[in-house]
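First comes the structure, then the notes that go with it.
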Amino acid sequence: MHRECLIGVVTCLLLGLPNSQSQSLAGDNATSNLPEVRGHKFLYFGFGSNMLAKRIHIQNPTAVRVGPALLSDYRLDFAFISDRWGGAVGTIVPTQGDSAWGTLWEIDLANLPDIDNQEGVHLGIYEPRTVYVKLRGDSELTPARAYLLTKQPESNLYELSRDSVPASRQPSRTYLQCLVQGAIESSIPEDYVRRLRGIKHNGHVNRAMEQKLELQNVAL
177 MHRECLIGVV
187 TCLLLGLPNS
197 QSQSLAGDNA
207 TSNLPEVRGH
217 KFLYFGFGSN
227 MLAKRIHIQN
237 PTAVRVGPAL
247 LSDYRLDFAF
257 ISDRWGGAVG
267 TIVPTQGDSA
277 WGTLWEIDLA
287 NLPDIDNQEG
297 VHLGIYEPRT
307 VYVKLRGDSE
317 LTPARAYLLT
327 KQPESNLYEL
337 SRDSVPASRQ
347 PSRTYLQCLV
357 QGAIESSIPE
367 DYVRRLRGIK
377 HNGHVNRAME
387 QKLELQNVAL
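This is how it looks when you write it as structure tokens:
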């Protein structure tokens, strides 16, 4: 009898919550059930500008680098012109037989909305997805949160000749420097760093970001 009364009281309390609070509780429960969530932390796979510590710490100060990680059967590609960077930004595209390196970070769960905002989830630019990566030298798959452009490129960048890469698929010089420096900083294999350096960029330099992230001397 007491158990039935208790259930009734809890139900009444939940039903009495404002709709926004009910949705918040549901959202919190959904987040805590994600494979990449570990207690009050979550694992995040940064394959673009967020490989660089100075970049990710702008909006996610609790991020701690776990190490370089490999995502199999995806490729790094570029689309969507960013006003901030002045060129196309990175995404990962499911591609059998290809792979993308990135940085695995552990971040406080309280910062998850911050990284969602950075990636423009609320604007429909990127969408979150759980991917499974392998830390360098590890054989086990680790779940991590990653962000893919909602409008993915229709062609494979690496199948295009350098002269035929459209402007809409070219990152800015500053953005590409950020990727290269982040990869080096994260101890990502040199052959992948060379691959990044070989990507065609549009030559645009964002002086403010270049100085803030100390990218002036990063060679491409």
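If you're matching positions, the sequence shown starts at 177 in the numbering used here and goes up one per residue. All C-beta atoms, glycine included, are put in the ideal place defined by N, C-alpha and C. Only a predicted model underlies this, so the values are computations on that prediction, with no experimental measurement involved.
With 16 other Cβ atoms within 10 Å as the buried cut-off, status of residue i
i: Val307; result: buried
i: Gly222; result: buried
i: Leu299; result: exposed
i: Ala320; result: buried
i: Val356; result: buried
i: His377; result: buried
i: Val186; result: Because Val186 sits at a pLDDT of 41, beneath the cut-off of 50, its placement in the model cannot be relied upon, and the following sentence gives the value as read from the coordinates. Looking at its Cβ environment, which holds fewer than 16 other Cβ atoms inside 10 Å, Val186 is exposed.
i: Gly278; result: buried
i: Ala395; result: exposed
i: Ala384; result: exposed
i: Arg251; result: buried
i: Ala202; result: Confidence at Ala202 is low in this model, with a pLDDT of 38, below 50, so the placement of that residue should be treated as unreliable; the coordinate-derived value is given next. Exposed.
DSSP state of residue i mapped onto helix, strand, coil
i: Ile364; result: coil
i: Val394; result: coil
i: Pro304; result: strand
i: Ile234; result: helix
i: Leu244; result: Reading the sequence as shown, one finds Pro at residue 244 and not Leu. Looking at Pro244 - three-state DSSP - the assignment turns out to be strand.
i: Ser288; result: First, the amino acid is wrong: residue 288 is Leu here, not Ser. Helix, per DSSP.
i: Thr484; result: Lying outside 177 to 396, the shown extent of the chain, residue 484 is not represented and no answer is given.
i: Thr318; result: strand
i: Gly222; result: strand
i: Ser258; result: strand
i: Lys388; result: helix
i: Val309; result: strand
i: Gly215; result: coil
i: Val381; result: coil
i: Val369; result: helix
i: Val341; result: coil
i: Leu333; result: helix
Beta-carbon spacing of residue i, residue j below 7 Å
i: Ser225; j: Ser248; result: no
i: Gln346; j: Ala264; result: yes
i: Gly313; j: Leu280; result: no
i: Val369; j: Arg349; result: no
i: Lys310; j: Leu246; result: yes
i: Gly374; j: Met227; result: no
i: Leu325; j: Thr267; result: yes
i: Ile283; j: Tyr323; result: no
i: Leu333; j: Asp253; result: yes
i: Gln235; j: Asp290; result: yes
i: Gln328; j: Val240; result: no
i: Leu391; j: Arg231; result: no
i: Leu288; j: His216; result: no
Which residues DSSP lists as bridging residue i, in chain order
i: Tyr250; result: Pro270
i: Tyr323; result: Pro304
i: Gly263; result: Ser258
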